[in-house]
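Below: the structure, in structure tokens.
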Amino acid sequence: MKTLARTLQQFAIGGVLGFLGAMIILGNFAIDLSQYTNEIVIFLFAIIVVFLIATTISFRQVKKLNAMNFEGEEEDKIDVLKYRKGADQSILIYSSTIIAILTLSIGIIMSMHLAFMIISIVLMIVSYSCSAYMMHLMRVSYPERHLPKLSDPDYSEKLLAASDDGERHVMLNGFYKAFHLLPVALFIAIIFSVLYSILTEHNQLFSIITMCIVLIVVQGRYFLAIRNK
279 MKTLARTLQQ FAIGGVLGFL GAMIILGNFA IDLSQYTNEI VIFLFAIIVV
329 FLIATTISFR QVKKLNAMNF EGEEEDKIDV LKYRKGADQS ILIYSSTIIA
379 ILTLSIGIIM SMHLAFMIIS IVLMIVSYSC SAYMMHLMRV SYPERHLPKL
429 SDPDYSEKLL AASDDGERHV MLNGFYKAFH LLPVALFIAI IFSVLYSILT
479 EHNQLFSIIT MCIVLIVVQG RYFLAIRNK
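Residue numbers (my numbering): 279 to 507.
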């Protein structure tokens, strides 16, 4: 019953957002962003740089904590602090990578100067390098756990195996929430794409089909995984 109520609530939110989006478009609030492409991309570059700087500062803080010795309750508090910093680093790095992909996509679609695309690729590489270094830092912080490398083909399985029961519960809870958020987010994106296609006469059929395929693949992969257990 709770699941049904939650699903209905999510669809209601999606419907409200779709309705508001339609009202905005019908109200002639549309803005041609193509003339501001350079400014938008530069602004996104600045966001990535800020995120990467914040990540670097966090790396240094964790390294400093690793170089110090703690005992008893203080050690437990430091472990919690390092865990939270690791989560913050993951958010910053993942966001940087996605925004870099976005800037590269904008550059290709809008036929921007080659320099913009090169910067986007460089920022993607730097973001990935930060992700690899974060895993290295985690292995240094917890040498007894034998954490896998990011390039390991069985990374997910080995990471779960190296975690204790409490950490597995937290991780799986996060994965479960993210899994249930994805269909709702894609459903809202489909609504906006349909409205955009109707109201602007710019066909978004390919994007809609792609999002539907992603929904089917993700949901199918999940249910097949639990079915075969």
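Here a beta-carbon is modelled for each residue, glycine too, at the ideal position from N, C-alpha and C.
So Val401 and Ser374 are supposed to be a Cβ contact under 8 Å. How far apart are they, rounded?
Here the sequence assigns Leu to residue 401, which means Val is not the residue at that position. Right, their Cβ atoms sit about 7 Å apart.
Can the beta-carbon of Met390 be found closer than 8 Å to that of Val328?
no
Three-state secondary structure (DSSP) at Phe329?
The DSSP-derived three-state label of Phe329 is helix.
Does the beta-carbon distance from Lys355 to Val340 come in below 8 Å?
Contact flag unset, no.
Taking only runs of the alpha helix (DSSP H) that begin and end inside the region 368–430, which ones reach a length of at least 4 residues, in chain order?
392–419
Can you look up Gly255 in the DSSP assignment and give me helix, strand or coil?
Here the chain comprises residues numbered 279 to 507, so residue 255 is not present and cannot be evaluated.
Relative to the C-alpha of Asp366, which residue among Ile396, Ile331, Phe465 and Ile399 is closest?
Ile331
Between Leu483 and the rest of its own chain, which residues show a CB-CB distance below 8 Å, the 5 nearest in sequence each way excluded?
Ser475
Do Thr333 and Leu370 have their C-beta atoms within less than 8 Å of each other?
yes
Please state whether the Cβ-Cβ distance between Asn344 and Ser419 is less than 8 Å.
yes
Roughly how many whole angstroms lie between the Cα atoms of His480 and Lys363?
43 Å
Counting C-beta neighbours from all protein chains within 10 Å, is the total for Ile466 16 or more, i.e. buried, or is it exposed?
buried
May I have the straight-line CA-CA distance separating Phe348 from Asp357, to the nearest angstrom?
10 Å
Between Ser405 and Gly385, which are expected to be in contact by the criterion C-beta below 8 Å, what is the C-beta distance as a whole number of angstroms?
Wrong, their Cβ atoms sit about 16 Å apart, outside the cutoff.
Assuming Gln497 is part of the alpha helix (DSSP H), what are its boundary residues?
Leu483 to Arg505
Near Tyr500, which residues of its chain fall below 7 Å by C-beta distance, leaving aside the five closest residues on each side in sequence?
Phe457
In whole angstroms, what is the alpha-carbon distance linking Leu493 and Ser409?
27 Å
Check Ser441 in the structure and name its three-state DSSP category.
In this structure, Ser441 counts as coil in the three-state DSSP scheme.
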